[in-house]
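In the numbering used here, each number is its position in the sequence shown, counted from 1, plus 29. Here the structure is laid out as structure tokens; the discussion comes afterwards.
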Amino acid sequence: LGNWHFKSSTQQTPRFAQPGEDGREDWNILELKLLADVGLVGFPNAGKSTLLSVVSAAKPEIADYAFTTLVPNLGIVSYRDNRSFVMADIPGIIEGASQGRGLGIRFLRHIERNSTLLFMVPADTNRTIKEEYDILLNELNEYNPELMHKPRILAITKADMLDHELQEEMEREVPKDVPHIFISAVAQKGITELKDLLWKEINR
Ligand SMILES: Nc1nc2c(ncn2[C@@H]2O[C@H](COP(=O)(O)OP(=O)(O)OP(=O)(O)O)[C@@H](O)[C@H]2O)c(=O)[nH]1
Ligand SMILES: [Mg+2]
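This is the structure:
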């Protein structure tokens with residue numbers, strides 16, 4: 030305590046203070062991890078930022094090239110009866126991300142603190158939905174197996190590009206062990222149902 034601390038009406042200028050002690054010097058590296066209720070997981074161009082821009086007031090950059098999103102974006106999604114939840118749009122993940130390919134694990138860590146993961150596979154993928162979902166799942170598992178315990182939902186995005194027949198065909202090849210939904214952020218299809226699904230998982 031310095032001399033200021035010992036000041037009183039009768040000791041207006043105390044000339045004493047407690048002796049100082051040795052300090053400690055440290056270097057610390059702090060890691061920021063975003064905290065959100067829902068984390069978007071998908072390849073580049075899956076439509077993650079577009080979805081965030083449709084369900085929240087966030088204004089992420091959107092474009093038809095890979096790695097448009099370079100830093101995570103958060104948005105608040107309003108839900109029925111004045112409730113809301115937080116959604117995190119993170120940069121796209123590619124095969125090998127857990128080994129550092131693409132933007133790699135720098136952003137996978139942001140998924141660790143999201144309570145529910147929304148996997149997004151575009152309807153126009155040149156793989157099958159299941160193949161692409163499995164690659165994403167594998168990258169997350171390689172990065173941190175604990176991520177496998179988080180509730181997951183699979184959204185097949187850009188469903189406006191599918192006609193009824195194509196969608197039925199895809200419906201048959203969608204992985205069965207995860208709840209799925211066809212959505213189109215552009216045509217606002219399946220968005221309310223998606224929010225219902227997410228809300229249910231978040232509050233499970
Ligand atoms: N037809 C159609 N196109 C869409 C839809 N959603 C997104 N797109 C288009 O897909 C492209 C990629 O969209 P983004 O939202 O930037 O994709 P992203 O997943 O955020 O991509 P990265 O940030 O690179 O990881 C853009 O050209 C969008 O206009 C959709 O529902 N329907
Ligand atoms: Mg993006």
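Note that CB positions come from ideal geometry on N, CA and C, so glycine has one too.
So for residue i, helix, strand or coil by DSSP?
i	result
Arg181	strand
Val83	helix
Leu195	helix
Ala126	helix
Leu61	coil
Asp66	strand
Lys77	helix
Out of curiosity, what's the CA-to-CA distance linking residue i and residue j?
i	j	result
Ala117	Pro48	50 Å
Asn170	Gly129	14 Å
Ile220	Glu60	33 Å
Tyr162	Phe148	7 Å
Val203	Ile122	20 Å
Phe45	Ile58	38 Å
Ser37	Pro43	9 Å
Asp93	Ala214	14 Å
Ala212	Asp55	The amino acid at residue 212 is misidentified as Ala; the sequence shows Ile. The straight-line gap from Cα to Cα measures roughly 50 Å.
Leu99	Glu50	46 Å
Val70	Ser144	13 Å
Asn167	Gly52	47 Å
How would you write the range of the beta strand (DSSP E) that residue i sits in, first residue to last?
i	result
Met116	112-118
Thr145	143-151
Tyr108	102-108
Phe211	209-211
Closer than 7 Å by C-beta to residue i: which residues in its own chain qualify, once you throw out the five before and the five after it? Chain order, please.
i	result
Tyr172	Ser127, Ile134, Leu137
Phe72	Gly121, Ile122, Ile123, Glu161
So, for residue i: in the same chain, excluding its five sequence neighbours on each side, which residues have a beta-carbon less than 8 Å away from its beta-carbon?
i	result
Lys159	Glu202, Val203, Pro204
Val115	Leu64, Ala65, Asp66, Val67, Leu103, Gly104, Ile105, Val106
Gly76	Met149, Pro151, Thr186, Lys187, Ala214
Which residue comes first and which comes last in the alpha helix (DSSP H) that contains residue i?
i	result
Asp163	158-172
Asp225	220-231
Arg135	134-137
Using a Cβ-Cβ cutoff of less than 6 Å, which residues in the same chain neighbour residue i once the five nearest sequence positions on both sides are dropped?
i	result
Leu80	Ala214
Val83	Ala214
Quiz prompt | Contact between the region 185-199 and the region 87-103 (3+ Cβ pairs under 8 Å) | solution = no
Self-check item: Cβ pair count under 8 Å reaching 3, the region 211-218 against the region 181-193
Solution: yes
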